[in-house]
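For the sequence shown, UniProt numbering gives the first residue as 1, with consecutive numbering after it. As structure tokens, the structure follows; a few thoughts come after it.
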Amino acid sequence: VGPVLPFILVELRGPRNLNKDPAAMTRSTATWLLAAVLVLGSAAAEGGEADLAAELAGDDECREGEGGCGLNALQLRGKPAEEEEEVPDGALDGGAADLGSAPDGFLAARCNNGRYCVMGGYLVVAGQRGAVGMESITGGNVGYYNGMMSAAYRRCGGSSCVLITNPMHHRSQSRFHIHYRRMNGNGASLKHRMEQAVCGKDGWHHGHYPCGGKAKYFSSFPGIFSASMEAGSLDHAAVSVWPQSCHGGTIVLVSFHCSIEHSIAHIPPKRR
1 VGPVLPFILV ELRGPRNLNK DPAAMTRSTA TWLLAAVLVL GSAAAEGGEA
51 DLAAELAGDD ECREGEGGCG LNALQLRGKP AEEEEEVPDG ALDGGAADLG
101 SAPDGFLAAR CNNGRYCVMG GYLVVAGQRG AVGMESITGG NVGYYNGMMS
151 AAYRRCGGSS CVLITNPMHH RSQSRFHIHY RRMNGNGASL KHRMEQAVCG
201 KDGWHHGHYP CGGKAKYFSS FPGIFSASME AGSLDHAAVS VWPQSCHGGT
251 IVLVSFHCSI EHSIAHIPPK RR
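Okay, here's the thing in structure tokens:
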């Protein structure tokens, strides 16, 4: 608009030949006014298109947990990344008898974004169809599962937290998921016992831990499932992660053939 507008304004001051016929002068002025409207309208349209493109570009930035944002920029405006979904009471606690109206497949039906979802305020759920459980983790895809555990850690990474997966045959859903919970008294006692045994030491340690478990200390937060593979096959393993252990490190406990979730974590009572 900048280079064009001054030119239009100069011309609109009136015809230079003041001796022209008044009717001709009127026609000339009308012509210039029409030209001004067309030019300004075109410039405004171009500006509007640029503004819209800028807005779409802002929406098109994929945030963690969102999928397909390039195709759905307008629909995703204002939608928080990793939007949480309510999980019905009893849907995930205990065995199949406790599922009630949320049978196996509840999580799989609600999270298919290719990455992961955050649900219920205590779950990180895999968004890939092939992510069934611990037995789905391989050397080739372990990074995907490490990323989900890091997401759980970001939501509960304090000294009172514990991050938990359950093994094959001891879970209620056939879609990989991680619980991030607060420890109960038994969990705090187990953490203290592990700290006494492994803090500042290398390697995996047996210490009469639940389900034949092995514990290891890490000075930082590692790729959890990559590290857990050192303890043996994960096909029938349960992994629990204990942040802020040993004054800022992490303890990983790999247990086998059973779930310790209900014995170490606060599970909110079911609403009646």
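We treat Cβ as the ideally placed atom computed from N, Cα and C, and that holds for glycine.
When DSSP states are grouped into helix, strand and coil, Gln244 belongs to the strand group. Scanning Asp202, Arg110, Met183 for the CA closest to the CA of His262 turns up Met183. About 6 angstroms separates the CB atoms of Ile178 and Leu163; that is less than 8 angstroms, so the two are in contact.
DSSP, read as helix, strand or coil, puts Ser228 in helix.
From the listed residues Phe218, Ala197, Lys201, the smallest Cα separation to His208 is found for Ala197. Distance check between Asp202 and each of Ser245, Phe218, Thr250 places Phe218 closest, using alpha-carbon atoms only. The criterion of a C-beta distance shorter than 8 angstroms is satisfied by Ser255 and Ala237. When secondary structure is reduced to three states using DSSP, His192 falls in the helix class. The beta carbons of Cys161 and Pro243 sit closer together than 8 angstroms. DSSP, read as helix, strand or coil, puts Tyr122 in coil. The shortest CA-to-CA distance from Asn141 to any of Arg115, Arg171, Gly120 is the one to Arg115. In the DSSP secondary-structure assignment, Gly213 is bridged to Tyr209. In this structure, Ala152 places its C-beta atom within 8 angstroms of the C-beta atom of Tyr180.
Each of Trp204, Gly187, Val241 was checked against the Cα of Gly157, and the nearest Cα belongs to Val241. Bounds of the alpha helix (DSSP H) holding Arg110 are 106-110. Taking each of Ser228, Val132, Cys199, His206 in turn and checking the Cα distance to Gly139, the smallest one comes out for Ser228.
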